[in-house]
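Below is one structure, written out as structure tokens; comments come after it.
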Amino acid sequence: MDRFPFGRFYARPHLMQVLLTYGLSVIFADLMRWGFGADTLSPALPELMRGVVFVAGLPFPVYRLVIIAVGVVLAIALWWLLDRTLWGAAIRACVVDRGIVETLGIDTRRLFTIGMALAAGLGGLGGALGAGMLSAYPGLDEEVLLLALLVVVIGGLGSFRGTVVAALLLGFATTFSRMWLPEFANFLTLGIMAALLVWRPTGLIARETRQL
0 MDRFPFGRFY ARPHLMQVLL TYGLSVIFAD LMRWGFGADT LSPALPELMR GVVFVAGLPF
60 PVYRLVIIAV GVVLAIALWW LLDRTLWGAA IRACVVDRGI VETLGIDTRR LFTIGMALAA
120 GLGGLGGALG AGMLSAYPGL DEEVLLLALL VVVIGGLGSF RGTVVAALLL GFATTFSRMW
180 LPEFANFLTL GIMAALLVWR PTGLIARETR QL
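According to numbering that gives the first Met the number 0, the stretch in the sequence shown is residues 0 to 211, in order.
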């Protein structure tokens, strides 16, 4: 898929890439339903992730704490990879001006392939970790994809820090709205996100343009 069709869309506007990937996700989701059925699946948690622990006198499920810890570790690792390595600098440069990077003798096609593989791996890891909490059911893919698009757009296209901040804001908004006003949870969450876009249409944190 990286060779075709993604490879033909890397140089095109972001909107075309989003439409392509969204359309493919709908097709693959229907193929999964056709091949494996539409039953809700709830995988059993490993023994080490069951139970609760008390933090400041409050009970917290071990499984959720593990997910939080893995998320923090992955965020730090991605920040280091993109911000503190030559490979990350090359990736950021490709996003800004792919032609200039190619004049330096760097194989940008391979960079994009590695980036695609990394993104796919993280997506699979996220799905495996979250399945024990959310279960796997028809339509979950669309919900997660919508939230992911909101996070990227609100955080600011090309901004890693913005994506992290937007993800935290969206997570807190969703959790507290479901706790206090469950019947209006989706409306409040999308309303907050819309307000943020009106306030900062280019994203919470603009793309880092510092010298590479």
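From the three backbone atoms N, C-alpha and C, an ideal C-beta is built for every residue, glycine too.
Classify residue i: buried if its beta carbon has 16 or more other beta carbons within 10 angstroms, exposed otherwise.
i      : result
VAL151 : buried
ILE99  : exposed
ALA127 : exposed
GLY50  : exposed
PHE159 : buried
GLN210 : Note on GLN210: pLDDT 44, under 50, position unreliable in the model; the coordinate value appears next. GLN210 is exposed by the Cβ-count criterion.
ARG91  : buried
MET132 : exposed
MET178 : exposed
Please report the straight-line C-alpha distance between residue i and residue j, rounded to a whole angstrom.
i      : j      : result
LEU166 : ALA172 : Residue identity check: residue 166 is Ala in the sequence provided, not Leu. Near 10 Å, if we compare the C-alpha coordinates of ALA172 and ALA166.
ILE153 : LEU168 : 10 Å
LEU121 : ALA74  : 11 Å
ARG108 : TYR21  : 22 Å
LEU195 : ALA88  : 29 Å
ARG32  : GLY138 : 10 Å
GLY6   : HIS13  : 13 Å
ARG11  : ILE66  : 35 Å
From this set, the options, which residue's C-alpha is nearest residue i's C-alpha?
i      : options                         : result
ASP140 : GLN16, ALA118 and ASP29         : ASP29
LEU189 : LEU148, LEU47, ALA55 and LEU81  : LEU148
THR162 : PRO58, LEU47, LEU103 and THR201 : THR201
Report all residues from its chain with a CB closer than 7 Å to the CB of residue i; omit the five preceding and five following residues, and keep chain order.
i     : result
GLN16 : PHE8
Tell me the DSSP bridge mates of residue i?
i     : result
ALA43 : Beta-bridge pairing links ALA43 to no other residue.
PRO58 : PHE53
In chain order, what residues of the same chain have a beta carbon less than 6 Å from the beta carbon of residue i, not counting five sequence neighbours either side?
i      : result
SER134 : THR39 and SER41
Once you ignore the five residues that flank residue i on each side, which residues in its own chain have a CB closer than 8 Å to its CB?
i    : result
ASP1 : PHE111, THR112, MET115 and ALA116
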